[in-house]
Ligand SMILES: Cc1cc2nc3c(=O)[nH]c(=O)nc-3n(C[C@H](O)[C@H](O)[C@H](O)COP(=O)(O)OP(=O)(O)OC[C@H]3O[C@@H](n4cnc5c(N)ncnc54)[C@H](O)[C@@H]3O)c2cc1C
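Residue numbers (our numbering): 50 to 643.
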């Protein structure tokens with residue numbers, strides 16, 4: 050079962066949940082039209098389905114063998130990447146002045162979903178290049194921008210993002226890679242990085258590493274990190290490739306999934322040190338890296354959406370074909386989709402996928418507004434909205450990716466556990482997205498300790514008000530199809546509201562209590578926000594088709610299912626947030642026992 054991009058679904062969410070239609074009407078995107086967006090989505094979907102998707106199993110089987118320091122990418126990947134970059138997909142959202150197309154991040158988010166539905170291992174490489182473009186465009190010197198941005202934006206060169214070292218994973222401040230001032234404005238880099246995605250490959254002639262390192266006189270912790278651009282090949286004054294830099298791939302990891310994505314240990318300084326160029330200011334590297342990471346966190350959330358969509362498509366196709374047992378109203382063996390329990394699994398998959406898509410696209414739209422709104426106050430509010438939603442987009446959606454891929458295996462029964470259906474690969478691939486780009490536990494802590502307090506809690510309260518407004522609109526429908534949707538979503542948003550107020554009161558006063566409840570809180574946030582966004586889509590569907598009309602995209606049915614089956618978890622999650630710390634009392638003794 051291959052992948053067919055759900056263009057109508059994607060466009061609907063983009064226009065409604067992400068507010069693209071309203072933004073276009075307001076003039077936020079200049080002369081962009083919905084027709085152009087539709088054409089872009091159509092082309093991206095075609096490329097993802099026809100060119101990338103067939104390479105997914107090839108990448109899984111072949112992996113990325115390393116010999117003599119060089120990695121050979123799986124068969125067909127070089128050609129696919131070349132054509133993908135030549136079509137301009139890499140620079141879709143990059144600024145026009147650096148050779149990009151300047152299209153909205155929200156539209157790019159939709160495309161990133163499609164690349165990753167087609168293949169997570171293929172999709173993750175460009176995501177890092179896109180992050181590198183952002184970081185360089187915001188923080189790089191004019192010289193660096195001139196030399197590197199156009200080739201990164203065109204995809205002729207790819208970028209990497211390098212934080213992790215053996216002793217420094219979530220605790221980035223513990224990293225030890227050294228940078229020394231050479232005296233001519235450049236730096237000498239020595240040390241080792243592990244788990245570096247696309248650290249070495251043969252897709253492009255040059256690879257531009259963005260690595261955090263520490264100067265000899267730097268303060269300890271994250272305040273002493275600086276960001277360096279370190280090209281695999283140095284670039285001569287005329288733009289041509291010069292000498293090989295002192296950086297190499299020492300080894301690659303053998304891992305659970307995304308076998309087509311090389312995960313490299315990188316060594317700097319075999320011959321005295323690699324030449325690095327400072328991005329931004331000394332000791333302000335985390336600031337620059339956050340520009341890169343925020344972009345990448347949304348993209349990793351979109352990997353969750355992408356793999357969930359692909360797993361759902363495969364499960365649905367299988368459930369229509371596979372015949373087992375009797376079902377009410379059928380004679381002979383029934384297709385398993387006729388069984389209520391299978392339908393429940395499939396609806397859970399569809400509802401979670403659509404909810405996480407809505408959250409991710411809304412995050413992309415907030416990023417656009419933060420950059421493009423004409424008033425400073427609107428830009429600030431949008432920036433804070435994007436900051437608030439980014440950890441939710443990353444962690445909720447990647448958890449959804451795993452859950453949905455797991456259900457996909459279940460729908461396939463024993464065949465799901467056998468590699469040839471592809472369901473097992475989706476499950477294996479999905480697992481990484483909850484770990485890299487900051488584990489989901491770290492995202493939850495970020496949400497609770499850094500994002501809730503934004504503007505004294507006003508940012509999250511404004512978001513809650515919007516969710517409540519949606520529920521009032523659902524109530525105003527005064528239609529039986531919307532009745533339980535309203536009741537269950539109101540309960541869920543009220544739970545989120547109370548848990549938010551409680552957490553805001555703990556910050557500073559009882560930090561341990563807030564940390565203990567962070568993960569159930571992020572889930573509660575995703576469930577309440579996702580449910581309300583699906584209800585909003587159901588309302589939009591009625592507006593488009595008229596009340597009582599057929600529900601062609603199944604928007605009302607999906608929103609109703611989500612409210613009655615998934616949003617109801619909110620009450621339990623609220624209790625888990627508030628009782629979190631209390632319920633962990635005695636954990637040490639319990640874990641020590643036995
Ligand atoms: C396939 C793959 C690709 C990767 N690509 C890259 C890349 O391109 N660039 C890069 O720099 N890194 C990359 N990484 C590294 C990745 O980002 C880290 O693995 C991740 O950030 C977690 O760090 P760690 O593995 O050291 O786990 P640890 O930090 O040891 O965490 C272990 C567990 O403890 C929890 N934990 C840790 N600290 C805290 C805390 N303070 N509070 C609560 N819980 C905590 C974590 O949530 C996790 O559950 C990649 C990893 C893999 C496996």
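By construction, the Cβ of each residue, glycine as well, lies at the ideal position given by its N, Cα and C atoms.
Since this is a predicted model, take the numbers as computed values, not measurements.
Tell me whether residue 11 is buried or exposed, calling it buried when 16 or more other Cβ atoms sit within 10 Å of its Cβ.
-> Absent from the model: residue 11. The displayed extent of the chain is 50 to 643, so no value can be given.
Got a sec: does ligand 1 put a non-hydrogen atom nearer than 8 Å to the Cβ of residue 256?
-> Residue 256 Cβ: outside cutoff for every heavy atom of ligand 1.
Give a yes or no on whether the C-beta atoms belonging to residue 328 and residue 212 are separated by under 9 Å.
-> no
Would the segment 169-186 and the segment 303-316 be scored as touching if the rule is three or more Cβ pairs under 8 Å?
-> yes
If we call anything under 9 Å between Cβ atoms a contact, is residue 479 one with residue 579?
-> no
Alpha carbon to alpha carbon, how far is residue 272 from residue 567?
-> 25 Å
Rounded distance between the beta-carbons of residue 528 and residue 65, thought under 8 Å | With a contact defined as Cβ atoms closer than 8 Å, residue 65 and residue 528 miss out at about 19 Å.
Cutoff 8 Å; reference residue 473; Cβ partners in own chain excluding five residues on either side | 458, 465, 466 and 467
Residue from 260, 591, 229 and 296 whose Cα sits closest to the Cα of residue 214 | Distances from the alpha-carbon of residue 214 to those of 260, 591, 229 and 296 put 260 closest.
Hey, which unbroken runs of the alpha helix (DSSP H) at 4 residues or more fall wholly within the segment 247-295?
-> If we require 4 residues or more, the segment 247-295 turns out to have no alpha helix (DSSP H) run fully inside it.
Enumerate, from N- to C-terminal direction, the unbroken alpha helix (DSSP H) stretches of 4 or more residues contained entirely within the segment 159-216.
-> 169-188 and 191-203
Own chain partners of residue 493 with C-beta closer than 8 Å, once the 5 adjacent residues on each side are dropped = 440, 444, 567, 568, 570 and 571
Residue 310, DSSP secondary structure in three states | If DSSP states are grouped into helix, strand and coil, residue 310 belongs with coil.
Outcome for residue 300 when other beta-carbon atoms lying within 10 angstroms are tallied against a minimum of 16 = So residue 300 counts as exposed.
Tell me where the alpha helix (DSSP H) around residue 519 begins and ends.
-> Start and end: 507-526.
Pull up the DSSP beta-bridge partners for residue 324, would you.
-> 237
Would you kindly work out how many angstroms separate the C-alpha atoms of residue 270 and residue 221, rounded to a whole number?
-> Straight-line Cα distance between these residues: approximately 8 Å.
Check the C-beta distance from residue 497 over to residue 516 and give it rounded, since I have them as a contact under 8 Å.
-> Actually they are not in contact, since the Cβ atoms of residue 497 and residue 516 sit about 18 Å apart, beyond 8 Å.
Rounded straight-line distance, which links the Cα of residue 549 to that of residue 485 = Approximately 26 Å between the Cα atoms of the pair.
Is it buried or exposed for residue 339, if we count other Cβ within 10 angstroms and need 16 for buried?
-> exposed
Proximity to residue 196 [Cα-Cα], best of 239, 282 and 274 | 282
Can you give me the Cβ contacts of residue 158 inside the same chain, cut-off strictly under 7 Å, excluding the 5 residues immediately before and after it?
-> Apart from sequence neighbours up to five positions away, the residues of its chain that approach residue 158 with a beta-carbon distance below 7 Å are 347, 351, 409, 410 and 413, ordered along the chain.
To the nearest angstrom, how far is it from the Cα of residue 649 to the Cα of residue 238?
-> Coverage of the chain is limited to positions 50 through 643, which leaves residue 649 absent and any answer about it impossible.
List the residues that DSSP assigns as beta-bridge partners of residue 119.
-> 116
Pull up the CB-CB distance for residue 368 and residue 385, whole angstroms please, since I reckon it's below 8 Å.
-> 5 Å
Could you give the distance in angstroms between the alpha-carbon of residue 372 and the alpha-carbon of residue 438?
-> 42 Å
If residue 256 and residue 325 are in contact, beta carbons under 8 Å, what's the gap, nearest whole angstrom?
-> No, residue 256 and residue 325 are not in contact; Cβ-Cβ is about 14 Å, not under 8 Å.
What three-state label does DSSP hand residue 424 in the structure shown?
-> In the structure shown, residue 424 sits in coil (DSSP, three-state: anything other than H, G, I, E or B).
Would you check if there are 3 or more beta carbon pairs closer than 8 Å linking the segment 375-395 to the segment 135-147?
-> no
Any chance the CB of residue 464 is under 8 Å from a heavy atom of ligand 3?
-> No copy of ligand 3 occurs in the structure displayed; its ligands are ligand 1 alone.
As assigned by DSSP and simplified to three states, the class of residue 403 = helix
When every heavy atom of ligand 1 is checked, does at least one fall within less than 8 Å of the C-beta of residue 219?
-> yes
Counting only the same chain and skipping the five closest in sequence on each side, list residues whose C-beta sits under 8 Å from that of residue 488.
-> 219
Hey, is residue 83 close to ligand 1, as in C-beta under 8 Å from one of its heavy atoms?
-> no
Taking C-beta to C-beta, are residue 314 and residue 245 nearer than 9 Å?
-> Yes, the Cβ-Cβ distance between residue 314 and residue 245 is below 9 Å.
Note the first and the last residue of the continuous beta strand (DSSP E) segment covering residue 228.
-> 227-230
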